[in-house]
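Taken in order, these protein sequences are the chains called G and B.
Following the working numbering, the numbering of the first sequence begins with 1 at its first residue and continues without gaps.
Following the working numbering, the numbering of the second sequence begins with 1 at its first residue and continues without gaps.
We put the CB at the ideal spot given by N, CA and C, even for glycine.
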Amino acid sequence: MPIPTVTVIASLLQIHGPGATIQSDHQGIDALLGDIRGQISQKVVPDEPVATQVYFRRGGFVRGGGYGGAFRRGGGFVRGY
Amino acid sequence: MLADGAVPAFKSQPISQLLIKVATRCNIDCSYCYWFRDAAVYNKPKLMSAEVLHQLLQRLEEHIVKHSLADFPLVLHGGEPLLWGIENFQAMAEGCEAISARTGCEIPIAVTTNGILIDDAWLSCFEAHDIAVAISLDGPAHVHDRHRHTFQGTGTHAAVERAARMLVARDINVCALAVCNPEHSPKEYVDFFAACGIPRYDIMIPDATVDEKPPHIAAFYKGLFDLWLEANRREPVINIRIITDMVSALLGNDAPTEGVGYKPVELCTVMTDGSVEAHDVLRIAGDGITQTTFNIFEHAIDDVRNEPLWKQAREASINLCEKCRQCKFMSACGGGYLPHRFSKTNGYDNPSTYCDDLYATFEHIASTIESHVYLVKPGDERVRLSDALASAAS
């Protein structure tokens, strides 16, 4: 499978019109797609690469959309950027 | 990565989190610890003083206000951070709560501990201040006690498992951090964490540089992915961080933890004396390698972005070697964990010492998730995402 970017997926959905979405028949994978769907629906897909928050591997912060009770929420972390 | 192999200009962001070393010594003696590979840590004060904490909180608030930050996570770390004491944790947490109240910025705090000192008083402190706890626990006793022992050489597993179960029983946000030992099966880890009631954990790739020849890990991580896939089939119940990060990265999302995905690593470490260092784990490469001349008494937090050593580490995280730039998994892998790319000869201009293993693992995961992800068109027609992408590209 070619590795997509959120921007590419957003464009793909746009081609297919309103109501098009990405899904998985595996609930664990679908939970991770939630983050991507959220970025696309909220139109927060950046035009240029952004240095997103990268958690320290030896820290306890975990982000994983749909995995209830995770430490961190997804989404933007800097107001105004 | 751009088509001609040039590095994209990542839009600049202010420092967005801090790793804070509140204690430089440890109360146990793990054989694989990166921290004491750098003798320079012994030159630092054992514990962060009240004066340094006060200055740190001031700098933190300045930084949050200047950059209008909505969210600024702190990771308290060591050595063993609980050696700092409950009173200091409370002072830190209360200081952060006051900054949050004044600025509206959320300041989540997490601590990474070996768990030995955890008792009811600590649990109440974590609970009162919503401090998330990462506990270092290498799975079952026969795996954990191979490396994680006391200074007298006895295993620490019983004490750490007890602490982990106490955290779970009090419903405190807990994440276990294990280090992979590929001599054992991933199922031993997964079964152990399930028995402890811990649904969120990571099984980290062992630290090694290119100058070392660590054992292969591909079979372990492919097996771990298969277990993750099976466990989460009907609902997402376990979050094995390295696996969810790898799957996220293959789906095109930013993996949120260093070591997976292609993005700059902009970690900043504040030491017990207020000095500011580049990525903590780079000390795996030797004595003094992370030291800068910056400190929070003379410099604002974001000043570290101008520090040559910090910039060097940041640039190294996105300037990948030729082999990585040609790799089909480049954007998902990002060259792996930065310290794993270090060699005395080439610095960070190497593929990861685990390159072949990472490639094999990504290949395995990608070929599996390909059959599970669909573009659903209006009218509910389903097309495999891989086919839709190929069709759009043609």
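For Ile-29(G), at least one C-beta of chain B is nearer than 7 angstroms to its own C-beta.
Apart from sequence neighbours up to five positions away, the residues of its chain that approach Leu-83(B) with a beta-carbon distance below 6 angstroms are Ala-23, ordered along the chain.
Each residue's CA atom was taken as its position, placing Ser-352(B) and Val-210(B) some 7 angstroms apart. For the pair Ser-317(B) and Pro-264(B), the Cα-to-Cα distance works out to about 5 angstroms. Contact fails between the stretch 287-304 of chain B and the stretch 207-225 of chain B, because fewer than three Cβ pairs, one in each stretch, are under 8 angstroms apart.
Burial check for Glu-183(B): the Cβ neighbour count within 10 Å stays below 16, so the residue is exposed. By the rule that beta-carbons nearer than 7 angstroms mark a contact, Ile-40(G) does not touch chain B. Contact note: Gln-23(G) reaches chain B through Tyr-374 and Val-376, using a C-beta cutoff of 7 angstroms and chain order.
With a beta-carbon spacing of about 6 angstroms, Asn-232(B) and Gln-27(G) fall inside the 8 angstroms limit used to define contacts.
For Ala-332(B), the enclosing alpha helix (DSSP H) stretches over residues 330-333.
Per DSSP, the continuous beta strand (DSSP E) segment holding Ser-136(B) begins and ends at 132-136. Taking a 10 Å sphere around the C-beta of Arg-241(B), we find 16 or more other C-beta atoms and assign the residue as buried. Only residues of its own chain outside the window of five on either side were considered, and among them Val-6, Ile-9 and Ile-22 have a CB closer than 8 angstroms to the CB of Ile-36(G), listed in chain order. With respect to the C-alpha of Met-330(B), the residue from Tyr-359(B), Glu-277(B), Ile-131(B) and Gly-115(B) having the closest C-alpha is Tyr-359(B). Between Gly-79(B) and Arg-25(B), the C-beta spacing is below 7 angstroms. Rounded to whole angstroms, the separation of the alpha carbons of Ile-15(G) and Thr-361(B) is 32 angstroms.
The CB of Arg-233(B) comes closer than 9 angstroms to the CB of His-26, Gln-27 and Gly-28 in chain G, given here in chain order. Under the 7 angstroms criterion on CB atoms, Leu-389(B) is classed as interfacial with respect to chain G.
By the neighbour-count criterion, in which a residue is buried when 16 or more other Cβ atoms sit within 10 angstroms of its Cβ, Glu-258(B) is buried. Interface flag for Ala-10(G) against chain B is unset, since no Cβ pair is found closer than 7 angstroms. Close CB contacts of Ile-238(B) within its chain, under the 6 angstroms cut and outside five residues either way in sequence, are with Pro-199 and Ala-231 (chain order). Thr-292(B) and Ala-278(B) do touch by the CB rule: their CB atoms are close to 7 angstroms apart, below 8 angstroms.
Residue pairing of Tyr-374(B) in beta bridges, as defined by DSSP: Gln-23(G) and Arg-384(B). Under the criterion of beta carbons closer than 8 angstroms, Leu-177(B) and Asp-202(B) qualify as touching, at roughly 5 angstroms. Between the beta-carbon of Val-260(B) and that of Phe-56(G) there is about 13 angstroms, and that puts the pair past the 8 angstroms contact cut.
One finds Asp-202, Met-204, Thr-257, Glu-258, Gly-259, Val-281 and Tyr-337 in chain B with Cβ atoms closer than 8 angstroms to the Cβ of Arg-57(G), taken in chain order. For Ser-386(B), the chain G residues whose C-beta falls within less than 8 angstroms of its own C-beta are Met-1 and Pro-2, listed in chain order. For Tyr-189(B), the uninterrupted alpha helix (DSSP H) run begins and ends at 186-196, by DSSP. Taking a 10 Å sphere around the C-beta of Lys-66(B), we find fewer than 16 other C-beta atoms and assign the residue as exposed. Residues of chain G with a Cβ closer than 8 angstroms to the Cβ of Trp-84(B) do not exist, since the nearest Cβ in that chain sits about 16 angstroms away. Contact of Gly-19(G) with chain B is assigned, a C-beta pair being separated by under 7 angstroms. Straight-line spacing of the CA atoms in Phe-193(B) and Ser-185(B) works out to 13 angstroms.
Between Val-270(B) and Ile-20(B), the gap from beta carbon to beta carbon is short of 7 angstroms. Out of Asp-207(B), Ser-371(B) and Ser-367(B), the CA that lies nearest to the CA of Gly-336(B) is found in Asp-207(B).
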